[in-house]
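Peer 1: Sequences listed follow chains A and B, in order.
The numbering of the first sequence is the working numbering, which starts it at 12 and goes up by one.
The numbering of the second sequence is the working numbering, which starts it at 553 and goes up by one.
Glycine included, C-beta positions come from ideal geometry on N, C-alpha and C.
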Amino acid sequence: AQSVAQPEDQVNVAEGNPLTVKCTYSVSGNPYLFWYVQYPNRGLQFLLKYITGDNLVKGSYGFEAEFNKSQTSFHLKKPSALVSDSALYFCAGWDAGKSTFGDGTTLTVKP
Amino acid sequence: EAQVTQNPRYLITVTGKKLTVTCSQNMNHEYMSWYRQDPGLGLRQIYYSMNVEVTDKGDVPEGYKVSRKEKRNFPLILESPSPNQTSLYFCASSFAVGTEADTQYFGPGTRLTVL
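#1: Where P18/A and T116/A are concerned, what is the direct C-alpha to C-alpha distance, given to the nearest angstrom?
#2: Measuring straight from C-alpha to C-alpha, what distance separates E75/A and K88/A?
#3: Considering only the beta carbon of each residue, do F101/A and L55/A sit closer than 8 Å?
#4: Give the DSSP-derived three-state secondary structure of D114/A in the structure shown.
#5: Go ahead and label G650/B buried or exposed: buried means 16 or more other beta carbons lie within 10 angstroms of its beta carbon, across all protein chains shown.
#6: I'd like to know if F85/A contacts chain B, where contact means its C-beta is closer than 8 Å to some C-beta of that chain.
#7: Helix, strand or coil for V94/A? Go by DSSP, reduced to three states.
#8: Could you tell me whether the stretch 28-42 of chain A touches the stretch 92-101 of chain A, using the rule of 3 or more Cβ pairs below 8 Å?
#9: Over what stretch of residues does the beta strand (DSSP E) that includes T651/B continue unbroken?
#10: Assuming L118/A contacts V22/A (C-beta within less than 8 Å), just tell me the rounded distance between them.
#11: Taking the runs of the beta strand (DSSP E) that are 3 residues or longer, which of them lie wholly in the stretch 582-622 of chain B?
#12: Tell me which residue opens and which closes the beta strand (DSSP E) that Q56/A is part of.
#13: M579/B CB to nearest chain A CB: under 8 Å?
#14: Any Cβ of chain A within less than 8 Å of the Cβ of S585/B?
#15: By the DSSP assignment, the beta strand (DSSP E) with T22/A in it spans what residues?
#16: Taking C-alpha atoms, which residue in L67/A, V38/A and W46/A lies nearest to L59/A?
#17: First and last residue of the beta strand (DSSP E) that includes V38/A?
#18: Could you check which residue in R663/B, G610/B and P627/B has the C-alpha nearest to that of V618/B?
#19: Are there 16 or more other CB atoms within 10 angstroms of the CB of I564/B, so buried, or fewer, so exposed?
#20: Put Q637/B into one of helix, strand or coil per three-state DSSP.
#21: Quick one: is F101/A near chain B, going by C-beta distance under 8 Å?
#22: Where S543/B and D611/B are concerned, what is the direct C-alpha to C-alpha distance, given to the nearest angstrom?
So, in structure tokens, the structure goes:
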């Protein structure tokens, strides 16, 4: 069985500062990991994914994530936050069709 | 335009009255899935389908039924809705095949209230 955890319910950063949204995982086989973003009153949008290969994954809107096997983490990062990045972020794992999401982290970027 | 559509977008109903939420995708995806989103609980998978006529339970299947008679459609059926099924529901589809994962594309959501 797989599990995904997002240890922070809320992350607050100032515009222009770097941001990190944390995710840890537990899977029995090869990890397939995703980040999605949800803006208010909208569906989820894909940001990036780790399937195999390079541990640093680049995605949409300037986001990137680092897969760390030893720490079982897949943290989402961005070098310089924008107010428009404020949203709800979900980390997700996938295992042969079963999809497990973290509880979500609300990111607030203040001007 | 490539998309996942859900209908209805909003529904208020009463306990015990059967309802169906439709989901359709135009991307020729093999994989489709239903989720419910509740505050503080993230998204929880209800059912998923790897292909036509193949469906499997997710983490919270109780009280729900699905069918996959054609590739593009994956309706969610609540035979006897109860108030604890009040939630925001999302349908998603993906090119994922077998054990190979791929990005999921989500519909706009259906907000269901059961009185």
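Peer 2: Reading from the atomic positions:
#1: P18/A and T116/A have their C-alpha atoms roughly 8 Å apart.
#2: Between E75/A and K88/A, the alpha-carbon positions lie close to 5 Å from each other.
#3: Result yes, Cβ atoms of F101/A and L55/A sit closer than 8 Å.
#4: D114/A sits in coil when the DSSP states are folded into three classes, being neither helix nor strand.
#5: G650/B comes out exposed.
#6: Taking Cβ atoms only, chain B never reaches closer than 8 Å to F85/A, which makes this a no.
#7: If DSSP states are grouped into helix, strand and coil, V94/A belongs with the helices.
#8: Here the stretch 28-42 of chain A makes contact with the stretch 92-101 of chain A; the two share three or more CB pairs at distances below 8 Å.
#9: Segment: none, T651/B is in no beta strand (DSSP E) and carries neither H nor E.
#10: The Cβ separation is near 5 Å, so the contact holds.
#11: Counting only runs of 3 or more, we get 583-590, 594-603 and 606-609.
#12: Residues L55 to Y61.
#13: With 8 Å as the cut-off, M579/B does not count as an interface residue toward chain A.
#14: Closer than 8 Å: yes.
#15: For clarity, residue 22/A is Val in the given sequence; the question names Thr instead. Unbroken beta strand (DSSP E) run through V22/A: Q21 to A25.
#16: The shortest C-alpha separation from L59/A is found at W46/A.
#17: Counting along the chain, no beta strand (DSSP E) covers V38/A, and no H or E run does either.
#18: Comparing Cα positions, the closest option is P627/B.
#19: It counts as exposed.
#20: It is helical.
#21: At a cut-off of 8 Å between beta carbons, F101/A contacts chain B.
#22: The structure shown does not extend to residue 543/B, since chain B spans only 553 to 667, so no value can be given for it.
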